[in-house]
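Residue numbers 127 to 329, in the working numbering, belong to the letters of the sequence shown in order.
Note that the Cβ used here is the ideal one computed from N, Cα and C, for glycine as well.
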Amino acid sequence: MRLVALADTHGAHDGLTVPDGDVLIHAGDLTERGTLPQLERVADWLRSLPHRHKVLIAGNHDFWLQGNRGGARDLFHGLTYLEDEETVIEGRRFYGSPWQPWFYDWAFNARRGPAIDAIWQLIPEGIDVLITHGPPHGFGDLVHRGERVGCEDLLRHLGRVQPKLHFFGHIHEDRGQWSQGATTLVNCTTAYAEFPATVIDLP
Numbered sequence: 127m128r129l130v131a132l133a134d135t136h137g138a139h140d141g142l143t144v145p146d147g148d149v150l151i152h153a154g155d156l157t158e159r160g161t162l163p164q165l166e167r168v169a170d171w172l173r174s175l176p177h178r179h180k181v182l183i184a185g186n187h188d189f190w191l192q193g194n195r196g197g198a199r200d201l202f203h204g205l206t207y208l209e210d211e212e213t214v215i216e217g218r219r220f221y222g223s224p225w226q227p228w229f230y231d232w233a234f235n236a237r238r239g240p241a242i243d244a245i246w247q248l249i250p251e252g253i254d255v256l257i258t259h260g261p262p263h264g265f266g267d268l269v270h271r272g273e274r275v276g277c278e279d280l281l282r283h284l285g286r287v288q289p290k291l292h293f294f295g296h297i298h299e300d301r302g303q304w305s306q307g308a309t310t311l312v313n314c315t316t317a318y319a320e321f322p323a324t325v326i327d328l329p
């Protein structure tokens with residue numbers, strides 16, 4: 127199964143060349159300010175791509191989607207929008223969550239500690255592909271000022287769930303791939319259209 131992953135397009139999707147694959151994944155920050163017209167343009171673009179399956183989550187810029195899950199279902203018709211839930215594609219289990227530790231006053235923020243831990247507790251074991259907007263602590267979370275801003279609780283739950291792949295974005299300056307136990311972690315940010323999509327084959 128060929129996975130093509132993006133994150134942090136921020137409405138600059140027209141500048142991207144997106145290779146074909148079996149599943150297109152967007153790990154959030156679809157837009158710059160998360161207005162409904164911006165989201166409608168992204169939805170139309172995603173539907174125009176050739177991938178058989180398209181899975182997406184929101185990010186901290188996608189304000190309209192927070193608290194509007196029903197509207198998101200209508201907006202993203204023909205696509206698979208995940209908000210703390212699972213879908214099965216060709217026998218593989220995908221789980222998506224848009225949250226990250228509190229980041230100024232953006233969307234889908236949760237306080238570090240019990241509040242965000244309760245969100246990660248929802249991730250079921252046996253998932254093949256985990257998609258979050260924010261990174262776990264220590265992987266793809268290094269910002270320019272030299273600080274790691276990823277979520278410690280998410281890292282702990284990765285040890286419990288042990289997905290084959292974990293895709294995320296949010297931190298534009300630390301794109302890359304890492305291994306932790308049985309999991310390959312991927313910061314798949316495209317940072318507007320600065321970087322290309324990430325392509326990974328899932329055995």
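> Ordered along the chain, which non-local residues of its own chain (more than five positions away) have a Cβ less than 6 Å from that of D93?
Replying inline: Absent from the model: residue 93. The displayed extent of the chain is 127 to 329, so no value can be given.
>> Quick check: what's the CA-CA separation for F202 versus A169?
In response: C-alpha separation (whole angstroms): 6 Å.
> From this set, R282, A133, R173 and W190, which residue's C-alpha is nearest T161's C-alpha?
Replying inline: Per the Cα distances, W190.
>> Tell me whether the stretch 228 to 242 and the stretch 263 to 274 touch, counting them as touching only if at least three CB pairs, one residue from each stretch, are closer than 8 Å.
In response: In short, these stretches do not touch, since the Cβ pair count stays below three.
> What's the gap between the Cα of Q306 and the Cα of R238?
Replying inline: Cα to Cα, Q306 sits roughly 22 Å from R238.
>> Under DSSP, the beta strand (DSSP E) around A131 begins and ends at which residues?
In response: R128 to L132 is the extent of the beta strand (DSSP E) around A131.
>> Could you tell me the alpha carbon to alpha carbon distance between V181 and D279, rounded to whole angstroms?
In response: A direct Cα-Cα distance of roughly 24 Å separates V181 from D279.
> Helix, strand or coil: how does DSSP classify G197 here?
Replying inline: Three-state DSSP puts G197 in a helix.
> Whose C-beta lies closer than 6 Å to the C-beta of A317 among residues of the same chain, with five residues either side of it excluded?
Replying inline: Within the same chain, A317 has close Cβ partners D134 and H298.
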